[in-house]
Amino acid sequence: MTQRRALLARDGGCARPGCTETRIERLHAHHLTPWRLGGRTDVSAMVLLCDVDHGLVHDEGLVLDRRGRELVAHDRHGRRIWGPADEAFAAGLPAKEATSARPLLTLVPDAALPDAWPAGGERMDLGHVVWALLAHRDHLRRAAS
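First residue of the sequence shown: 5, per the working numbering; consecutive thereafter.
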């Protein structure tokens, strides 16, 4: 807990340039060098990322590095992808592109779903249902934001 407080004091919230997430319950401590590859678990070797950006780092295989107080991210091809926002986007995206009335619908397949699933009398596997919901919650949250 002390490390998280130190990271929050240093980073002030999500360290991705332009991200405004500061709620501690939405922030994750991320190892700059993966722990399984010998990354240290101390404040100087970690960074705070919100759950959306932390998911992107792992989903896209981004490589993070600190240069002073600046967090730098490169993709798998070595291209820098996080940096200061371009002045052309200071006002954000146009309203019709930035929001969707029902963003989660983009995650539903185009094919129509049946009105009811056939039931053969088997019991619902509650463990599997809970796993499926929890396993995909970060993906759903990232896709909806």
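Where a beta carbon is used, it is the ideal one built from N, C-alpha and C, also for glycine.
Residue i: first and last residue of the uninterrupted beta strand (DSSP E) it sits in
i, result
"V76", "E74 to H78"
"V67", "V67 to R71"
First and last residue of the uninterrupted alpha helix (DSSP H) at residue i
i, result
"V61", "D55 to E64"
Integer Cβ distance of residue i from residue j, believed to fall under 8 Å
i, j, result
"R1", "L53", "Coverage of the chain is limited to positions 5 through 149, which leaves residue 1 absent and any answer about it impossible."
"L68", "V51", "6 Å"
Within 8 Å, strictly: CB atoms of residue i and residue j
i, j, result
"T26", "G42", "no"
"V56", "H34", "no"
"G59", "R141", "no"
"L31", "C18", "yes"
"R8", "L36", "no"
Assigned exposure category for residue i - 16 Cβ within 10 Å defines buried
i, result
"A136", "exposed"
"M133", "The sequence given here places Val at residue 133; Met does not occur at that position. By the 10 Å Cβ count, V133 comes out exposed."
"A77", "buried"
"W39", "exposed"
"L11", "buried"
What runs of the alpha helix (DSSP H), each 4 residues or longer, lie entirely inside the stretch 8-42? none
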